[in-house]
Structure formats: structure tokens, C-alpha cells
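Asker: This note's numbering applies: residue 1 is where the sequence shown begins, and numbers increase by one.
Encoded as C-alpha cells, here's the structure I'll be asking about.
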Amino acid sequence: SILVGMAHTYPDDDTYVTDSAAGATALSSGIKSYNGAVAVDTHKKPVKTMLEVAKEQGMTTALVATSQINHATPASFAAHNESRRNYDQIADDYLDNKVNGKLPVDLLLGGGVRYFEREDRNLIEEFKMQGYHYLTDFDTLPSLQTLPAIGLFADKAFPFALDENPNRLEKMTNKALSLLSRSKHGFFVMIEGSQIDWCGHANDIACAMAEMDDFAKSIALAKAYVDAHPDT
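What follows is the structure, given as C-alpha cells:
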């Protein structure tokens, strides 16, 4: 069985419907904030996230998403910013927001090359200097055998599952679990089927169903891992 939890993620502002940033901040930290907040409270002060707590305890950490990896949901687990739109600053935080002197995330899989290879700062070179493997070709993902690593497989977000590579989240989930399972001190991973939401915005049911199918396969992998490792 899988332990399932529920949390209220409504924003702590004058709106009624949460956005991804406020919702993810509530999930990652237990603190409700305003729409657009990335792991900061209503006073724009950083709040500690569960990923950071895991890192403090020596666990291996990972973020996996089909959006750019510095999008609102993954960002709210490893970065702190007053606005989800500050993509460059959020990407910077994956290097600058150190936990006990270490980078916060050991494995990053998603999109977002443009935010990490910039004229003002080349984060990829900095990641490499910290010992990270760097992948840009999705077909090379199976060859990744060690951590830390960062895989950015699109300029921004992945193409929709309906259009290209329908099982990309499933494949990233499989690789993440394979690598993280080797950790002697446990691990934390946040996996997001990012574009289910986007298909909903577009009112495109075929698009949404394709994204849900990929997400369901990822859940099945996670469930199988939990079944095989009851202490997860």
C-alpha cells in the first residue's frame, strides 16, 4: 500500500483559486502563501521545504517534470523567489541555495535549457564544475548511471505527449528511481506530470488524456517500487 496524504493548498491572499506556485509551496513546506510565491511566505521570506529537510538529513534528492525544471511546481521544492516568473533567478537557486554547503538537488530531469545556458551566467558549466553529468539528448537517458546529474531535454518544456515521445515522464521516473534506489541514506523525489494542467487550460481532452496516460504509467512505476521496498 502507499501512504496517501491530503493538503489544503488554497492561497493566502484575496483570490479563491490557487496557482501552481502557491499550491506547490503549500505542499512542499506546509505554509500557505500568495499566488506566484515560490517557497516564500506572504512576507516574501523563504520557508523551508521538505526537499531541503531531506537534504539536511543526508538523503539524495531529485526533481522530475515535463515542464522546464525551474517551473513553478519543481521550483517550489528547491528554490525561493517572490515570483514564479523569475525563471533565471529560480534556475540560479539550484546552484546558490545550498543546504549544509551542498547543492540542493542531486538529480534534475526536465526541460529548460534556455534558463541554464545564458549569456549572463552559464549554470551548466557551474554544474559540471560541481561534478554533475549533463544530458541534452533524451535518447541518452538510459546511459546515465551515476549521480549527481542534470538532464535538460528541451529549450523550455517538453513537447506534449500527444505530439512526441508519449512516455517521457515514465522513462524519466524509471531512471530516477533506478538511480535514487542506490542511496544509502534514503531519497526524496518530486515527480510532476506538468502538462496535464496545460492541456486543461487549452480545453484539449485528447491532449489531457495523453498526459494522464504518461502520468499513470509513472505512478505505476512508483507503486511497484514501493511494493518492492516497503520502507519507502
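Every residue, glycine too, gets a C-beta built ideally from N, C-alpha and C.
Using only CA atoms, which one of 19, 28 and 112 lies nearest to residue 6?
Answerer: Considering only alpha carbons, the answer is 28.
Asker: Anyone know if the C-beta pair for residue 168 and residue 176 falls short of 8 angstroms?
Answerer: No. Outside cutoff.
Asker: In terms of residues, what are the limits of the beta strand (DSSP E) holding residue 67?
Answerer: 60-68 is the extent of the beta strand (DSSP E) around residue 67.
Asker: Can you have a look at residue 195 and say buried or exposed, based on whether 16 or more other CB atoms are within 10 angstroms of its CB?
Answerer: Counting Cβ neighbours within 10 Å, residue 195 comes out buried, since at least 16 surround it.
Asker: Kindly confirm or deny that the stretch 181-199 and the stretch 64-83 touch, where touching means at least three C-beta pairs closer than 8 angstroms.
Answerer: Yes: at least three Cβ pairs fall under 8 angstroms.
Asker: By Cβ distance below 7 angstroms, which residues in the same chain neighbour residue 232 in space, the five residues on each side in sequence not counted?
Answerer: The residues are 225 and 226.
Asker: Applying the 10 Å Cβ sphere with the 16-neighbour rule, what's the burial state of residue 220?
Answerer: Exposed, by the Cβ-count rule.
Asker: Tell me, please, which residues DSSP counts as bridged to residue 111.
Answerer: Looking at the DSSP assignment, residue 111 forms a beta bridge with 68.
Asker: Please return the same chain residues whose Cβ sits closer than 6 angstroms to the Cβ of residue 109, not counting the five positions on each side in sequence.
Answerer: These residues qualify, in order along the chain: 64, 151 and 172.
Asker: In chain order, what residues of the same chain have a beta carbon less than 6 angstroms from the beta carbon of residue 10, not counting five sequence neighbours either side?
Answerer: 18.
Asker: Inspect the beta-carbon positions of residue 95 and residue 123 and report whether they are closer than 8 angstroms.
Answerer: Against a cut-off of 8 angstroms, the Cβ pair of residue 123 and residue 95 comes out as a contact.
Asker: Can you find the residues in the same chain that come closer than 8 angstroms, C-beta to C-beta, to residue 50, ignoring five residues on each side of it along the sequence?
Answerer: Answer for residue 50: 28, 29, 77 and 188, listed in chain order.
Asker: Quick check on the burial criterion: 16 or more other C-beta atoms within 10 angstroms. Buried or exposed for residue 59?
Answerer: Looking at its Cβ environment, which holds 16 or more other Cβ atoms inside 10 Å, residue 59 is buried.
Asker: According to DSSP, is residue 48 helix, strand or coil?
Answerer: Three-state result, residue 48: coil.
Asker: If distances are taken between C-alpha atoms only, which option among 23, 158 and 163 comes closest to residue 137?
Answerer: For the residues 23, 158 and 163, the minimum Cα distance to residue 137 belongs to 158.
Asker: Are at least three pairs of beta-carbons, each pair with one atom in the stretch 37-50 and one in the stretch 79-89, less than 8 angstroms apart?
Answerer: Segments in contact, yes.
Asker: Find out if the Cβ-Cβ distance for the pair residue 200, residue 218 is shorter than 8 angstroms.
Answerer: Not a contact, by the Cβ cut-off of 8 angstroms.
Asker: Given this structure, state the Cα-to-Cα distance separating residue 111 from residue 164, to the nearest angstrom.
Answerer: In a straight line, the C-alpha of residue 111 is about 14 angstroms away from that of residue 164.
Asker: Starting from residue 226, trace the alpha helix (DSSP H) both ways and give me its first and last residue.
Answerer: Note, residue 226: alpha helix (DSSP H), 205-228.
Asker: Let me confirm a value: residue 16 is counted as buried when at least 16 other C-beta atoms fall within 10 Å, else exposed. Which label applies?
Answerer: Exposed is the call here.
Asker: For residue 122, write down the residues that DSSP places opposite it in a beta bridge.
Answerer: Answer is 117, bridged to residue 122.
Asker: Quick one: grab the DSSP three-state call for residue 200.
Answerer: Helix, per DSSP.
Asker: For the alpha helix (DSSP H) holding residue 135, just list the boundary residues, first then last.
Answerer: Residue 135 -> not in any alpha helix (DSSP H); beta strand (DSSP E) instead, spanning 133-135.
Asker: State the start and end residues of the unbroken beta strand (DSSP E) segment that holds residue 151.
Answerer: 149-152 is the extent of the beta strand (DSSP E) around residue 151.
Asker: Can you check DSSP and say which residues form a bridge with residue 192?
Answerer: Answer is 65.
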